[in-house]
Amino acid sequence: ATHAAHAAHAAQAAQAAQAAQGAPPPPSDVYTDLVVLVHGYSGSAYDVRLLRSYLQLQLPRAAFLLSCANEQLVNEPIERMAERLAQEVEGFIAGNGRRLRLQRLSFVAFSIGALVLRAALRLPSLRRRGRAPHTARTP
């Protein structure tokens, strides 16, 4: 019973903090962050599922896109792969417009996926998302 009371108190405190900042709390089915996970050479979206599971615990307000735009297409120019990644991200955002109030767009990329990501961030379709801060990490 004490654990449930503590959790309820913590939730109320978080809502009060948001209200004090003048922002109404987002509905529970709305995501404020998008994390895009980009696999490496000859990889697939399956390769980053475990990382997504860990991140979901830490980022409950985040939606996750496990990129699959370049699966089995690894021997093409980086620029072409970057265009596909950018189109995939834009398509995901457009397709989830009701559930996604984008405040932060973050990327985690592995191996050649990091090179593809760097090229994609220079494309106009992702560059116009500059109002939302980008975080790029390559473990």
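My numbering puts the first residue of the sequence shown at -16, with every later residue one more than the last. Backbone N, C-alpha and C define an ideal beta-carbon position, used for all residues, glycine too. This structure is a prediction, so every number in the text was calculated from the model and none was measured.
{"Check": "C-beta atoms of residue 35 and residue 49 nearer than 8 Å", "Outcome": "yes"}
{"Check": "Residues near residue 30 by beta carbon distance below 7 Å, same chain, minus five either side", "Outcome": "22"}
{"Check": "Coil, strand or helix - residue 97 by DSSP", "Outcome": "helix"}
{"Check": "Euclidean distance between Cα positions of residue 28 and residue 37", "Outcome": "15 Å"}
{"Check": "Reference residue 92, options 20, 56, 14, 12, closest by Cα", "Outcome": "20"}
{"Check": "Touching by the beta-carbon criterion (3+ pairs, under 8 Å), the stretch 97 to 113 and the stretch 38 to 48", "Outcome": "no"}
{"Check": "Of the listed residues 13, 95, 18, 25, nearest to residue 55 (C-alpha basis)", "Outcome": "25"}
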